[in-house]
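Q:
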Amino acid sequence: MVDIEGNVARLREEIQEAALRSGRSPDAVTFVAATKTQDAESIRRAIAAGVDACGENRVQELTAKRAQGAYTGAPLHFIGHLQKNKVSQVVGAADLIQSVDSMELAELIARRAERLQIVQPILLEVNIGGEAAKSGVAPQTLAELVDYCATLPALQVQGLMAIPPVAVDGAENRKYFAAMAQLFVDIKAKKYDNVSMSVLSMGMSGDFISAILEGSNMVRLGTGIFGPRG
Ligand SMILES: *Cc1c(COP(=O)(O)O)cnc(C)c1O
Numbered sequence: 001m002v003d004i005e006g007n008v009a010r011l012r013e014e015i016q017e018a019a020l021r022s023g024r025s026p027d028a029v030t031f032v033a034a035t036k037t038q039d040a041e042s043i044r045r046a047i048a049a050g051v052d053a054c055g056e057n058r059v060q061e062l063t064a065k066r067a068q069g070a071y072t073g074a075p076l077h078f079i080g081h082l083q084k085n086k087v088s089q090v091v092g093a094a095d096l097i098q099s100v101d102s103m104e105l106a107e108l109i110a111r112r113a114e115r116l117q118i119v120q121p122i123l124l125e126v127n128i129g130g131e132a133a134k135s136g137v138a139p140q141t142l143a144e145l146v147d148y149c150a151t152l153p154a155l156q157v158q159g160l161m162a163i164p165p166v167a168v169d170g171a172e173n174r175k176y177f178a179a180m181a182q183l184f185v186d187i188k189a190k191k192y193d194n195v196s197m198s199v200l201s202m203g204m205s206g207d208f209i210s211a212i213l214e215g216s217n218m219v220r221l222g223t224g225i226f227g228p229r230g
């Protein structure tokens, strides 16, 4: 059996150490468990072991496991590609939607949030490696998307998210993480009304140390906690 408790404790230490090395407080970085394919019991164990939030990729899994009470006690994030016809199932159910990458999607989320009379926190996902097959807004189009989201009061843009290209060595991704940190600082400096730019979500099991050293304050870890996905 995978030692979920031991893995969470060790990863937490590594996160804290990296935060300190980057000149920040040890608890400056939010630890999100990437729970895709994991069952409710494993997720409960990760929460009990102290992760700060859970992140799901697929709407169907999120809905089913939420009904089982899998996420009780931790905020729930949506971190996967969000199809437009699934928006209504995620708005309000997820405390943070990390993967907004188009005006069309932003508008649909805002419309749904308005109907529920809530303000939906979101992150904008950036395709920082410029990969054709990946979701995320192109870095050159990001400013335009932020401008648009700022006009929608039912959305609160809390920051940026990125999944850089798969690298053999986590350090290879540092240039992408650094580019994200720069975009984050640039947008924050514009001081939009409903754009807080407090969250920079980047770093997975293979590269979270590099991500934190470049300024990430939210990492999303799956295999490091739960072992390889079957
Ligand atoms: C699966 C996933 C992660 C975690 O990846 P690991 O390599 O298992 O740590 C992080 N973010 C997203 C968006 C994911 O889909």
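Note that this note's numbering has the sequence shown beginning at 1, numbered continuously upward. Yeah, the Cβ is synthetic: ideal placement off N, Cα and C, and Gly gets one too.
#1: On the DSSP bridge list, what partners appear for P121?
#2: Taking the DSSP output, what are the residues bridged to H77?
#3: Taking the DSSP output, what are the residues bridged to F177?
#4: Looking at the structure shown, is V185 part of a helix, part of a strand, or coil, going by DSSP?
#5: Identify whether V8 lies in helix, strand or coil by the three-state DSSP scheme.
#6: For M103 and Y148, what's the separation of their Cα atoms in angstroms?
#7: So what's T151 in DSSP terms, helix, strand or just coil?
#8: What is the DSSP secondary structure of M218, counted as helix, strand or coil?
#9: Report whether the distance from the Cβ of N217 to the nearest heavy atom of ligand 1 is below 7 angstroms.
#10: Which same chain residues, not among the five before or five after L200, have their C-beta less than 7 angstroms away from its C-beta?
#11: Could you spell out where the beta strand (DSSP E) holding T223 opens and where it closes?
#12: Note down, in chain order, each residue of its chain lying with its Cβ closer than 6 angstroms to the Cβ of A162, except the 5 sequence neighbours on either side.
A: Reading from the atomic positions:
#1: Q156
#2: G55 and L96
#3: Paired residue(s): none; F177 is not in a bridge.
#4: helix
#5: Looking at V8 - three-state DSSP - the assignment turns out to be helix.
#6: 7 angstroms
#7: coil
#8: strand
#9: No.
#10: G159, L160, M180, A181, F184, G215, S216, N217 and M218
#11: T223 -> not in any beta strand (DSSP E); alpha helix (DSSP H) instead, spanning T223 to F226.
#12: V126, I128, M180 and M202
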